[in-house]
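J.:
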Amino acid sequence: MSQDTPTPPTAHLRVLTPDGRPPTQQPQWRQDFPIDTAQDNFVARREFTKFMVLISASFVAGQGWIALKSLRGKHGETGPRAIARVDELAVGQAALFFFPGEHDSCLLVRAGEDEFLAYSNKCSHLSCPVTPDVPSGKLLCPCHHGSFDLATGRPLAGPPRRPLARILLEVRDGSVYATGVKERTI
Ligand code: FES
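Residue numbers (our numbering): 403 to 588.
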């Protein structure tokens, strides 16, 4: 090893002090900070490597968690879930429900005697909750005056460019079931 190469701060090298006295006879400041300037680069690199390993591990754990969540979400969509009884909603009324996850809020609207529609109620612009305005046939977003067609979920006005995610429904045995989520780009 050349003389310019930083020396690893192994235990036996830390006790090599400029005056040659053992560590117990060194001033308190040297006992508190036993790393010399020449070893500083090595320590910095070692700390940096530790830091990078820690960041990488956190990143991998985060990615794993996201993958697990999305896997669960997809599986959750496959099973139909009862969200309301038909007689609970009069024509023109709407109800909030959560699908496929417990934090995914959606709107169920009874648009006609036999017509039920459901959408994610997260505005496709910046995720504000939309509210139904059944008489005008729209879903309205109060944040930036966006509006969506109640029949299709497509944007009609304001900044939103993408339709609302549609919740697929099935009506049977007097109940309305959510069976899946259809994300659309146009
Ligand atoms: S968040 Fe809905 S219009 Fe902006």
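Even for Gly, the Cβ is constructed at its ideal location relative to N, Cα and C.
With distances taken from CA atoms, which of Val573, Val536, Lys584 is nearest Ala567?
T.: Locating residue 567 in the sequence shown gives position 165, counting from the first residue. Ala567 has its Cα closest to that of Lys584, out of Val573, Val536, Lys584.
J.: Within the same chain, show all residues whose beta-carbon is closer than 8 Å to that of Gly560, passing over the 5 residues directly before and after it, in chain order.
T.: As a working note, residue 560 is residue 158 in the sequence shown. So the qualifying residues of the chain are His527, Cys543, His546, His547, Gly548, Ser549.
J.: Can you tell which of Thr426, Leu519, Ser507 has the C-alpha that lies nearest to the C-alpha of Val573?
T.: Here residue 573 refers to the residue found at position 171 when the sequence shown is read from its first residue. Checking every option, the nearest Cα to that of Val573 belongs to Leu519.
J.: If you run the structure through DSSP and keep just helix, strand and coil, what is Phe435?
T.: On the sequence shown, position 33 is the one that residue 435 refers to. If DSSP states are grouped into helix, strand and coil, Phe435 belongs with coil.
J.: Which residue marks the beginning of the beta strand (DSSP E) containing Glu585, and which one marks its end?
T.: As a position in the sequence shown, residue 585 is number 183, starting the count at 1. Segment: none, Glu585 is in no beta strand (DSSP E) and carries neither H nor E.
J.: Let me know the secondary structure DSSP gives Ser460 once reduced to three states.
T.: For this step, residue 460 is matched to residue 58 along the sequence shown. Of the three classes helix, strand and coil, the one that applies to Ser460 here is helix, per DSSP.
J.: Find out if the Cβ-Cβ distance for the pair Gly555, Pro565 is shorter than 8 Å.
T.: As a position in the sequence shown, residue 555 is number 153, starting the count at 1. As a position in the sequence shown, residue 565 is number 163, starting the count at 1. Yes; because the gap between Cβ atoms is below 8 Å, this pair is in contact.
J.: Assuming contact is defined by CB atoms lying nearer than 8 Å, are Ala486 and Phe499 in contact in what I supplied?
T.: As a position in the sequence shown, residue 486 is number 84, starting the count at 1. As a position in the sequence shown, residue 499 is number 97, starting the count at 1. Closer than 8 Å, so yes.
J.: According to DSSP, is Pro424 part of a helix, a strand, or is it coil?
T.: The count along the sequence shown starts at 1 and reaches residue 424 at position 22. Pro424 falls in the coil class under three-state DSSP.
J.: Given a cut-off of 8 Å, decide if Phe501 and Ile457 are closer than it, judged by their beta-carbon atoms.
T.: Looking up residue 457 in the sequence shown gives position 55. Looking up residue 501 in the sequence shown gives position 99. Taking 8 Å as the Cβ cut-off, Ile457 and Phe501 do not qualify as a contacting pair.
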